[in-house]
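Notes follow the structure.
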Amino acid sequence: MTTISIRKYASENGALAGLLLLALVIAIMQPAFLNAQNLLNVGVQAAVIAIMAFGMTFVVVAGGIDLSVGSIAALAAMVGALTAGPLGLVVGAVCGLVNGALVSYGKLPPFIATLAMLSVARGLTLVFSEGQPHETDAVVTFLGSNLAPMVPLPLLLMLAFFGITGLILTRTNLGRRMYAIGGNEEAAKLSGIDVRKQKLWIYALSGLFAAAAGLVLAGRLGSAGPQAAVGYELDAIAAVVIGGASLSGGVGRATGTLVGALVLAVLRNGLNLLQVPPFWQQVVIGAVIALAALLDSLRRR
Amino acid sequence: MNALITARGITKQFGTTRALDGVDLDINAGEVHVLLGENGAGKSTLVKVLAGIHSHDAGTIEGNASLAVIHQELALVPELTVAENLFLNRLPRRYGFVDRAEMRRRAPKLLDGVGLTVDPNAKVKDLGIAQQQMIEIARALDKNAGVLILDEPTAVLTETETDRLLEIMAQLRENGVGLVFITHHLDEIQRIADRITVLRDGRSVGVLGPRATTQHMIELMVGRPIDEQYPRARQRPGQPLLSIENLTKRGVFENINIEVHAGEVVGIAGLVGAGRTEVARAAFGVDGYDHGTVAVDGKPLPRHDVQAAIKAGLGLVPEDRKGQGLVLTATVGQNLELVTLDNRDQKRLHDIAGKLRIKGRVEQPVKELSGGNQQKVVIGKWLLADPKVLILDEPTRGVDVGAKVEIYELINRMTAQGRAVLLVSSDLPEVIGMSDRVVVMAHGRVAGELPKGATQDQVMALAVQEISA
Chain A
1 MTTISIRKYA SENGALAGLL LLALVIAIMQ PAFLNAQNLL NVGVQAAVIA
51 IMAFGMTFVV VAGGIDLSVG SIAALAAMVG ALTAGPLGLV VGAVCGLVNG
101 ALVSYGKLPP FIATLAMLSV ARGLTLVFSE GQPHETDAVV TFLGSNLAPM
151 VPLPLLLMLA FFGITGLILT RTNLGRRMYA IGGNEEAAKL SGIDVRKQKL
201 WIYALSGLFA AAAGLVLAGR LGSAGPQAAV GYELDAIAAV VIGGASLSGG
251 VGRATGTLVG ALVLAVLRNG LNLLQVPPFW QQVVIGAVIA LAALLDSLRR
301 R
Chain B
1 MNALITARGI TKQFGTTRAL DGVDLDINAG EVHVLLGENG AGKSTLVKVL
51 AGIHSHDAGT IEGNASLAVI HQELALVPEL TVAENLFLNR LPRRYGFVDR
101 AEMRRRAPKL LDGVGLTVDP NAKVKDLGIA QQQMIEIARA LDKNAGVLIL
151 DEPTAVLTET ETDRLLEIMA QLRENGVGLV FITHHLDEIQ RIADRITVLR
201 DGRSVGVLGP RATTQHMIEL MVGRPIDEQY PRARQRPGQP LLSIENLTKR
251 GVFENINIEV HAGEVVGIAG LVGAGRTEVA RAAFGVDGYD HGTVAVDGKP
301 LPRHDVQAAI KAGLGLVPED RKGQGLVLTA TVGQNLELVT LDNRDQKRLH
351 DIAGKLRIKG RVEQPVKELS GGNQQKVVIG KWLLADPKVL ILDEPTRGVD
401 VGAKVEIYEL INRMTAQGRA VLLVSSDLPE VIGMSDRVVV MAHGRVAGEL
451 PKGATQDQVM ALAVQEISA
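Residue numbers (full-length UniProt numbering), protein chains in the order written: chain A, 1 to 301; chain B, 1 to 469.
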């Protein structure tokens, strides 16, 4: 590899370099980090945020934002626990469709539309659950379990969703249109892309992915709680941004988001292993998010 | 001669491309120095190096005159008032608060200097683009800039606005300001230039005096002789492909009738604000209209439906290339396939990129291309869709001479294949030279139609006429 292509590779994979560096530092300070079981745990811990963040990637690439994914995850998990898992997925997709309709046909800013959904979905979760946690059935519990010793299903699901996301973004018309809409909505419209219809699907996908993430979370815990996944939307956005996507749209990749979610999980795991007090962990995580965004912005200059 | 800034051997490298290669430039007091060159020749890079926005890799810049640049993208805050924009960053203050009275007192004097009569309390977003430009110039003058660099200021101006700007530039020259002027309009150069530095591929290929001929300038710029500026090859017109009948949008345009036949180029001329772009957008379904019909190849189109228009065989190259034509974050290839996503074909993509002579790889980000090549990408995305009728709205705005001729050749090729072209253009020689018929619009109506060979005076006479309602 020539110097230029190495530099190009490094600049396109800044987040990956950061992840490896982070892992290296933690491994040196606490060798137990590299224990196979611990690494699998990191993967499992990353899975919920990662799946949610994949859905968020579609929205962010298309120039929007989805603040409702945490609430949708909780609602989907609750519906799944009270009825059946697949119905949870349907509810998530429908919430996303409503988001999409508000944004495209209602012309609401995505921030406002999904902020409203954040509240509505959380409220509905509380209403349906009557404020109580509910046990999940065997199917949902299975999602959070180990397929075999050392083969956690959440990790496999994360990889599956990663593959699907990459496929949608790079190999489907919907994916290509996301980049066009996020890059220049006016040009997309004048090129004959039905921007409003595409947005419906984009937000529906985000809702669907959030619901899947919610079911995986409930499966791991064995129950769906009314306050589950509170604040997860911010982690999902952080993962997308750490992964190099631009909040102004048109830029973002599935690998970036995966790395972003892993950065957050590795960081949390490492801070625990290093016995950093939980209050301080928040400070460190915030600083890392700012640092990642800062490096990205420096790199672009 | 009083040199304000002396640049010698300026070299600037971006990755593997050498944007500037040993360029010399003198900026003298009381002189208008024109920088001429095709897009991508290095003019803007040179300006950015002089302004200190880019560092240079080799060469020296001497001189201590303060320097102001009027960039193509205006640096005004639309939501603030004229006065606030004039004093942005150094607002007069009193007791720690903005001194509005002082601002109001000083603003008219500055505006006067550029011959602008606007209310200093008006918001900048409510002003026209020409007025905004004047405000930027006024602001630069208030900072006592010894050198004023104008990067394609006339690209967005109408003829009278351009006249006004040239007058002000002459005035500034009298006052001893050193001016650097970038423009693609050769007639403007002949009117104001004292010296012309021609750039090609990052090198200075010649310094000309004020009496240089157009032919000489063009040939230096493109590096080869050019036979004809408007090489229109006429076809025998076939059946009508685009029929706009009685198209009306109240308050915008009224009773527009335009018919374009197979093999024909129909031009739409008129002043800015005459409603030309609005008609083009309505015909293409971007905007709605009140009544009338638009038909492609005899089939009427539904109102306000871009998808249907495209399916019927219509295409639109919009006037604002970056704002409406391109996805700047995407590659050349991704932009080319924008219209034809449902029917992707990598081979045709590469074919079209080659045929259009786009200078740039298909995988390259489109924002790295020069304006002319970007415009070819926008046209290319439509050619892939194989339209019957293509509407071109200001297709050569901000495009250099060489690329212009290539776009004209493309128009010829399209009509030779039996397509129809509707050409909206503010460039009078172009719209007259390339059209088989010219429809002139004024105040939202068709003021008249002129056959091929019409003069600029005839077009202008129709364009400025008052139409009683």
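For every residue, glycine included, the Cβ atom is placed at its ideal position computed from N, Cα and C. All figures in this text were calculated on a predicted structure; none of them were measured in a lab.
Taking 8 angstroms as the threshold, find out whether the segment 404 to 417 of chain B comes into contact with the segment 367 to 379 of chain B through three or more Cβ pairs. yes
Same chain, Cβ closer than 7 angstroms to Ala469/B, five either side skipped, listed in chain order: For Ala469/B, the pLDDT reaches just 42, beneath the cut-off of 50, and the residue's location in the model is therefore unreliable, although a value from the coordinates is still provided. Contacts found: none.
Any C-beta of chain A sitting closer than 9 angstroms to the C-beta of Ile358/B? no
List, in chain order, every chain A residue whose beta-carbon is nearer than 7 angstroms to that of Asp201/B. Near Asp201/B there are no residues of chain A at all, since even the closest Cβ is about 21 angstroms away, more than 7 angstroms.
Would you mind listing the alpha helix (DSSP H) stretches within the segment 357 to 390 of chain B that are 4+ residues and don't spill past its ends, in chain order? 371 to 385
Take the Cβ of Asp187/B as the centre, count every other Cβ of all protein chains shown within 10 Å, and call the residue buried at 16 or more, exposed below. exposed
Within chain B, the residues that Arg177/A reaches when beta carbons sit closer than 9 angstroms: Leu338 and Leu341
Residue(s) in a DSSP beta bridge with Pro152/A: Asn146/A
Would you kindly check if the distance between the Cβ of Gly96/A and the Cβ of Ser206/A is under 9 angstroms? yes
Interface residues of chain A facing Ile310/B [CB-CB closer than 7 angstroms]: Gly192
Which first and last residues belong to the beta strand (DSSP E) in which Val266/B is found? Val265 to Gly270
Which chain B residues are close to Ala188/A, counting only those with a beta carbon under 9 angstroms from its beta carbon? Val327 and Leu338
Going along the segment 244 to 271 of chain A in order, which residues come within less than 7 angstroms of chain B, judged by CB to CB distance? Gly250 and Val251
In the segment 34 to 52 of chain B, which residues sit with their C-beta less than 8 angstroms from some C-beta in chain A, listed in chain order? none
Use the C-beta contact count for Thr160/B: other C-beta atoms within 10 angstroms, 16 or more gives buried, fewer gives exposed. exposed
Quick check: the segment 85 to 103 of chain B against the segment 130 to 142 of chain B, are at least 3 beta-carbon pairs closer than 8 angstroms? yes
What are the residues that DSSP puts in a beta bridge with residue 483/B? Because chain B in this structure spans residues 1 to 469, residue 483/B falls outside the shown range and cannot be described.
Under 8 angstroms, with one C-beta from each stretch per pair, do the segment 262 to 282 of chain B and the segment 416 to 428 of chain B reach the 3-pair mark? yes
Assuming contact is defined by CB atoms lying nearer than 9 angstroms, are Leu174/A and Ala101/A in contact in what I supplied? no
Use the C-beta contact count for Arg419/B: other C-beta atoms within 10 angstroms, 16 or more gives buried, fewer gives exposed. buried
Do the segment 109 to 118 of chain A and the segment 63 to 72 of chain A touch if we need at least three Cβ pairs shorter than 8 angstroms? yes
Opening and closing residue of the alpha helix (DSSP H) in which Val263/A lies: Ala254 to Leu273
Which residues mark the beginning and the end of the beta strand (DSSP E) in which Pro240/B is found? Pro240 to Lys249
Determine, for Ala353/B, whether the minimum Cβ-Cβ distance to residues of chain A falls below 9 angstroms. no
Less than 6 angstroms between C-beta atoms, sequence neighbours within five positions excluded: which residues of the same chain meet that for Ser71/A? Leu118, Ala121 and Arg122
Which residues in chain A sit within 9 angstroms of Pro318/B, going by Cβ to Cβ distance? Glu186, Ala187 and Leu190
Mind pulling the chain B residues with CB within less than 8 angstroms of Gly166/A? Those within 8 angstroms of Gly166/A in chain B number zero; the least Cβ separation is about 16 angstroms.
Report the three-state DSSP secondary structure of Gln281/A (helix, strand or coil). helix
Check whether the segment 35 to 50 of chain A and the segment 264 to 276 of chain A are in contact - that is, three or more C-beta pairs closer than 8 angstroms. yes
Euclidean distance between Cα positions of Thr45/B and Glu38/B: 13 angstroms
For Ala293/A, go through chain B and note every residue whose CB falls closer than 8 angstroms to its CB, in chain order. None at all; the shortest Cβ gap to chain B is about 18 angstroms.
Rounded to whole angstroms, what's the CA-CA distance from Val439/B to Val446/B? Just pull it up for me. 7 angstroms
Return the chain-ordered list of same chain residues with a C-beta closer than 6 angstroms to the C-beta of Thr214/B, the five sequence neighbours on each side being excluded. Leu186
Between Pro133/A and Ala224/A, which are expected to be in contact by the criterion C-beta below 8 angstroms, what is the C-beta distance as a whole number of angstroms? 7 angstroms
What's the call for Asp235/A, buried or exposed, on a 16-neighbour Cβ count within 10 Å? buried
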